[in-house]
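Residue numbers (the numbering used here): 14 to 96. Report on the following structure.
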Amino acid sequence: MKEIRARIILLRVPTKDIGLFTALMDGSGRNAIVRTKEKKSDQVYVITTPDTYQKTLEILGYIGKHIGLEILGEVPPEEMDIG
14 MKEIRARIIL LRVPTKDIGL FTALMDGSGR NAIVRTKEKK SDQVYVITTP
64 DTYQKTLEIL GYIGKHIGLE ILGEVPPEEM DIG
């Protein structure tokens with residue numbers, strides 16, 4: 014079985030907009046999976062594959078124009094912490 018290397022982007026999204034953000038990401042072609050870092054936190058992981066990473070960044074740019082999201086950077090998979 015071939016290993017898939019995930020690329021993980023950490024974002025800050027206003028907590029009131031996380032549901033909307035998740036729906037927009039899901040509706041944009043399912044290029045990534047969205048997970049919150051901790052309950053009630055404004056930090057969100059966006060998990061992509063190497064093949065969908067660039068497209069996901071473009072989508073984040075579009076969404077960011079409409080809701081106040083901030084890209085905090087890429088996180089190595091072993092450092093991802095889901096509470």
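Cβ atoms here follow ideal geometry from the backbone N, Cα and C, with glycine treated the same way.
Residue range 31-40 is occupied by the alpha helix (DSSP H) that includes residue 37.
The C-alpha of residue 43 is placed about 21 angstroms away from the C-alpha of residue 55. If you look at residue 86, you'll find it in the beta strand (DSSP E) that goes 83-88. Shown here, residue 76 sits in a helix according to DSSP, grouped into three states. Here residue 85 is exposed, its C-beta having fewer than 16 other C-beta atoms within 10 Å. In the assembly as shown, residue 28 is an exposed residue. Its beta-carbon has fewer than 16 other beta-carbons within 10 Å. Out of 69, 22, 82, 70, the CA that lies nearest to the CA of residue 48 is found in 22. Here residue 75 is exposed, its C-beta having fewer than 16 other C-beta atoms within 10 Å.
Rounded to the nearest whole angstrom, the C-alpha separation of residue 80 and residue 30 is 7 angstroms.
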